[in-house]
Amino acid sequence: MSLDFEKDVAEIESRIEEFKAKNPEPTGTLVKELNRFEMERADKLKEIYANLTPWQTVQVARHPERPLIRDFISGLCSEFIELHGDRLFGDDRGMIGGFATIENHRVMVIGHQKGKDLDEKIKCNFGQACPEGYRKALRLMKLAEKFHIPVVTFIDTPGAFPGRDAEERGQAEAIARNLLEMAALKTPVIAVVTGEGGSGGAIGIGVGDVVLMLSNAVYSVISPEGCASILWRDGTKAAEAANALKITAKSLLQLKIIDEIIPEPVGGAHRDFVTTMKTTKKVLLKHLTSLKKVSPRKLTSRRFDKFAAMGRFN
Amino acid sequence: MSLDFEKDVAEIESRIEEFKAKNPEPTGTLVKELNRFEMERADKLKEIYANLTPWQTVQVARHPERPLIRDFISGLCSEFIELHGDRLFGDDRGMIGGFATIENHRVMVIGHQKGKDLDEKIKCNFGQACPEGYRKALRLMKLAEKFHIPVVTFIDTPGAFPGRDAEERGQAEAIARNLLEMAALKTPVIAVVTGEGGSGGAIGIGVGDVVLMLSNAVYSVISPEGCASILWRDGTKAAEAANALKITAKSLLQLKIIDEIIPEPVGGAHRDFVTTMKTTKKVLLKHLTSLKKVSPRKLTSRRFDKFAAMGRFN
Amino acid sequence: MAWFHKSKEIAAKPESPKKEDIWIQCPSCKAHIYKDEWEKNLKVCDRCHFHERLTWKERVDVLLDAGTFVELNAKVSWNDPLKFSDSKGPYAEKAVENCEKTGMKESVATGAGKINGIKVAIAIMDFRFMGGSLASGTGEKILQTALYAIRHKLPYIILSASGGARMHEGIISLMQMPKTCAALAQLREANLPYISIMTDPTTGGVSASFAMVGDIHIAEPRSLIGFAGRRVIEETIKQKLPEDFQTAEYLVDHGFVDMIVHRKDMKDMLSKILKYAGCR
Amino acid sequence: MAWFHKSKEIAAKPESPKKEDIWIQCPSCKAHIYKDEWEKNLKVCDRCHFHERLTWKERVDVLLDAGTFVELNAKVSWNDPLKFSDSKGPYAEKAVENCEKTGMKESVATGAGKINGIKVAIAIMDFRFMGGSLASGTGEKILQTALYAIRHKLPYIILSASGGARMHEGIISLMQMPKTCAALAQLREANLPYISIMTDPTTGGVSASFAMVGDIHIAEPRSLIGFAGRRVIEETIKQKLPEDFQTAEYLVDHGFVDMIVHRKDMKDMLSKILKYAGCR
Ligand SMILES: [Zn+2]
Ligand SMILES: [Zn+2]
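Protein chains in written order, with this note's numbering: chain A, 1 to 314; chain B, 1001 to 1314; chain C, 2001 to 2280; chain D, 3001 to 3280.
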């Protein structure tokens, strides 16, 4: 699937296809010509992605082929043992987690699950977790704390599920509880915003010692559409809202909300899973290794200082 | 309401009524005669209650006019501030609790609520608590631990609610969790079996440093009817089962399951709330005063030893 | 109970009273109520028990012993970290307007005071300041007051009144959720009591952070309390929600609020509870 | 994997095999299965994945490294504190029969052993002994093994298989619920891992005590797990329950079981999990 601002690339790609159809086995100058096309395509892609607007970045972050948590797990981990349930009410498919091994690090992986096909998407509410999802996440974090293994969360949600049942079962309480307990958790926490970092639903598993973000991910207090419809009274002004909200990795690094950007391959993570995983793994391993050396007491005290400093300007 | 084994008393009572109807304003010998009737009644009642069988005790423990938790609260406490909810799913009316003051002791009171009239009975499932009831109880106990005030539980339940929803929301987990957390609770816990101590539903709030029991209360692993229908394959053999199960306060004191019996007035607690409350208060105050002096560490270690010794015969 | 003495003093000498000066209409049941009676009732309708929103100063008058309130963090003000502008112009202009309108610098006032003689740290949100929205200054004041409570071993009381996070500060306002909760984690670590009072409305990012992690949760009658907005939920589930959805009473039934307390009883209830928490 | 070698050795030399010696019928789907295949499959039907109940010795063979199991608390036996008798006679007689039938003294066997080289404390309930019921001896052995785990800094694994508390010991059997949980509270205090494995059936007082407070909850496929009995619930709600009610799979959906693990994979799964718990 090609995004609307990629139409120049799409055009080159269709020329390439045409060329290949005409020349099924190119030789000599034809090969050179094909290479030229390919380079032209790569240059165009690079140019576009070097200059993505915030709203275009939102499109990339929401791309239907963007790697989801299960892709990250299989791309990064040599072992994954999924654990289910909140021990209170249910097992939210929109929030998954379990033991995982990344190289020589045993960790607890937790994150939003958007689902690949429609069936799965419906089962996991398109990545909008319910209270039982946040409570499952908390249970696994407390287990990680007991077992002295770090927590790695993958954030990719449009937001916490805004349903009647979710409200009745305490969506607000579940997120709030996680914020408090994560602040006090005596084991390292690394949060990675991989796609959409949607408001309370994102921060509900996002209180990390280190917060990482893929270069085309977004992280925001409200969706650009939601903000536009409230502050611009016009949902179509989403691009302007996206701009104003400063939701890209670059802006968030400047604002000291995130600690490091994980660069995506040219054209976005969805175009090259292998490279995306390789880069993500490298950054994760670096932080896992360094956090391992910090005492639990120092960890929580640093984590407090980190979040306490956010929005302190006086 | 008169119980079937009280028919001799009932007979005397109806004679007294008859006598009073005939002699609305008795004088002289008539007064003496009336006094004789009254004494006869008192003697009979005393005789019956001194020789209650276990199955008769069950009838008294379940008497519709027996004092319920709200009666104990208003009879014992100068202040009660009810607290609601488990912060997870709901507010179980079958398990109530809150801050209370007994003389000069601030405590957390928690207990089963059977309900007085049919409406209330239905709302609180006839004292059969749901998982959210046990979780509310646990929340209040943890709050008491934080605030350094003792917990006093009042046990009066046919058992935990055996409904589909209760199972789905983890009746087993909720009770089990309470058993573990109560064992570890760093504040004094006094449990009082006031009526029916029904199996898991009772012990779910029954892990006390001191376990008290009203003299006509019962406490059992299974209802006599349930036991009879399984082991005798005949539900009408409840009296035999009640006998075999050793469910009376006297038996349980011998078995070292309870620590002290709170004597009820002659004829049972339902015949004299005032005396019942007075006696209960006295016993409670004695234990509150004595437990206050024990350090939290010593409390939990003694509590462990106490329950660890139950059923240790080798 | 001392009540609105300052505002009443001002309002006490009308030159020539018009009808609107003598009675007001209850915003909920539309009953007509004499203004004096309304004020005497702490802005609560005695017909429908509707609790009108109060300013932070009115809250101080209702809850704290007269003359005991000391404001803290008064210098902390709103910020504009994103240089935010929307179709109605710059956030900075709007913020300045709100400051002028309310005499506040942010959506919360914080300080210390006494409740029937018991010293407390307290944060009081004021809905008039940009809908009581949670922004960097709000979070900072709530955090600093928690730290003050820890330093002075005081119980902490927060009165929430908020539509949620303030979009104009973008992600910074979202981060006030973990920030305030991290402060409350420290308070818990210090074993100090925290009472959360939810007033109308307590929604969005405020309900999903400090308001929902109290040792005790008290709500004013009929207050709106919830995470997502009614309209969003109705659009999601394609169904009408029940009338009492997200009311304080509804939250009691669903296990998230300990008790509903009428405004006139709030102060005494707080002091009673604080005594159980060992505060003197 | 070593499997039932002892029992197989005995069964290996039939004099003249009858039909019933060659095949068995799956108790669940009624399919006919060659006995050799059935045993090789660890008594699991490969058609319907029904997991037949195992004896504690079979469990040892499936889960522990060969020759590593050391029994503990072997002298602890059943008790008759109430001198209990029912219509079928004294409990004592029944208990003696069960001892003879099973070679056990109580419904659980406890000890220590190794799982792929990792040392563990383990308690294995056996349904053959009075329906795996929880009684004073059972509770005492489970408690003592927890204390052993604490002394030797070992993870603790309990395999439950029980219909619930043993009525014949009355209140004493009920008290094994807080007793075992108090032991597990001590284990938690010592920061040691506890894995609860629920096999068919795990119900009543066992589900409402030690089985449900594990760090990790594993269940065998299709195991019955629940508090109240199906018939009691149906009588209470006056409705038929769904077919899969109280199955292991149902409990995963409702949040109470972490994972369903097939018998043949159980040992490896345990050793994997124990490594995450820091056990060597
Ligand atoms: Zn009104
Ligand atoms: Zn089968």
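Ideal Cβ positions, reconstructed from N, Cα and C, are used throughout, including at glycine.
Residue i versus residue j - alpha carbon distance
i, j, result
"Asp1004 (chain B)", "Trp1055 (chain B)", "12 Å"
"Gly75 (chain A)", "Ile81 (chain A)", "15 Å"
"Leu1108 (chain B)", "Gly3204 (chain D)", "The sequence given here has Met at residue 1108 (chain B), not Leu. Roughly 29 Å separates the two Cα atoms."
"His3217 (chain D)", "Tyr1049 (chain B)", "49 Å"
"Ala1129 (chain B)", "Thr1157 (chain B)", "8 Å"
"Leu2270 (chain C)", "Ile2115 (chain C)", "8 Å"
"Leu1138 (chain B)", "Glu1181 (chain B)", "8 Å"
"Glu79 (chain A)", "Glu3220 (chain D)", "21 Å"
"Lys2021 (chain C)", "Lys2035 (chain C)", "The question names Lys, but residue 2021 (chain C) in the sequence shown is Asp. The alpha-carbon atoms of Asp2021 (chain C) and Lys2035 (chain C) are separated by roughly 7 Å."
"Leu2147 (chain C)", "Lys2153 (chain C)", "10 Å"
"Gly3139 (chain D)", "Leu3224 (chain D)", "21 Å"
"Ala3002 (chain D)", "Ile3197 (chain D)", "Because Ala3002 (chain D) sits at a pLDDT of 41, beneath the cut-off of 50, its placement in the model cannot be relied upon, and the following sentence gives the value as read from the coordinates. If I take the Cα positions, the gap works out to 20 Å."
"Ser3209 (chain D)", "Glu3169 (chain D)", "17 Å"
"Cys3181 (chain D)", "Val1009 (chain B)", "46 Å"
"Lys186 (chain A)", "Thr153 (chain A)", "15 Å"
"Ala242 (chain A)", "Leu3241 (chain D)", "51 Å"
"Ala3293 (chain D)", "Met3125 (chain D)", "Summary: the structure shown does not reach residue 3293 (chain D), with chain D confined to residues 3001 through 3280, and so no result is reported for it."
Beta carbon proximity, residue i to chain F, threshold 7 Å
i, result
"Thr3068 (chain D)", "The structure shown contains no chain F; its protein chains are A, B, C and D."
Exposure of residue i, with buried meaning 16 or more beta-carbon neighbours within 10 Å
i, result
"Phe313 (chain A)", "exposed"
"Arg297 (chain A)", "exposed"
"Thr27 (chain A)", "exposed"
"Asp1234 (chain B)", "exposed"
"Gln3246 (chain D)", "buried"
"Val2281 (chain C)", "The question about residue 2281 (chain C) has no answer here: the residues shown for chain C are numbered 2001 through 2280."
"Ser1301 (chain B)", "exposed"
"Gly90 (chain A)", "buried"
"Pro1024 (chain B)", "exposed"
"Leu30 (chain A)", "exposed"
"Thr53 (chain A)", "exposed"
"Lys964 (chain B)", "A query on residue 964 (chain B) cannot be resolved here, the shown segment of chain B reaching from 1001 to 1314 and no further."
Reduced DSSP secondary structure (H/G/I, E/B, other) of residue i
i, result
"Met2001 (chain C)", "Caution is warranted here: a pLDDT of 38 is assigned to Met2001 (chain C), below 50, making its placement in the model unreliable, and the coordinate value is therefore given only provisionally. Residue state, collapsed to three classes: coil."
"Arg1139 (chain B)", "helix"
"Asp1091 (chain B)", "coil"
"Ile48 (chain A)", "helix"
"Arg1106 (chain B)", "strand"
"Asp3086 (chain D)", "strand"
"Glu2009 (chain C)", "Caution applies to Glu2009 (chain C), whose pLDDT of 42 falls short of 50 and renders its modelled position unreliable; the model cannot decide the point."
"His2051 (chain C)", "strand"
"Glu2106 (chain C)", "coil"
"Met2256 (chain C)", "Sequence check: residue 2256 (chain C) is Phe here, not Met. Note: Phe2256 (chain C) maps to coil in three-state DSSP."
"His2262 (chain C)", "coil"
"Met3130 (chain D)", "helix"
"Ser3173 (chain D)", "helix"
"Asp315 (chain A)", "Summary: the structure shown does not reach residue 315 (chain A), with chain A confined to residues 1 through 314, and so no result is reported for it."
Contact test: residue i Cβ vs ligand 3 heavy atom, cutoff 6 Å
i, result
"Ala3031 (chain D)", "This structure lacks ligand 3; its bound ligands are ligand 1 and ligand 2."
Any non-hydrogen atom of ligand 1 within 6 Å of residue i CB
i, result
"Arg2047 (chain C)", "yes"
Near ligand 2: residue i beta-carbon under 6 Å from a heavy atom
i, result
"Cys3026 (chain D)", "yes"
"Phe99 (chain A)", "no"
"Phe3050 (chain D)", "yes"
Problem set entry | the stretch 127-148 of chain A: positions lying closer than 8 Å to chain D by Cβ | Glu132, Lys136, Leu143, Lys146, Phe147 and His148
Exercise. In the stretch 3243-3268 of chain D, which residues sit with their C-beta less than 7 Å from some C-beta in chain A, listed in chain order?
Worked result: Val3252, Asp3253, His3254, Gly3255, Phe3256, Val3257, Asp3258 and Met3259
Exercise. Of the residues that make up the stretch 1254-1280 of chain B, which ones have a beta carbon closer than 7 Å to any beta carbon in chain D?
Worked result: Leu1255 and Ile1257
For this session: Select from the stretch 1062-1091 of chain B all residues with a C-beta closer than 8 Å to any C-beta belonging to chain C, and list them in chain order.
Result: Glu1079, Ile1081, Glu1082, Leu1083, His1084, Gly1085, Asp1086, Arg1087, Leu1088, Phe1089, Gly1090 and Asp1091
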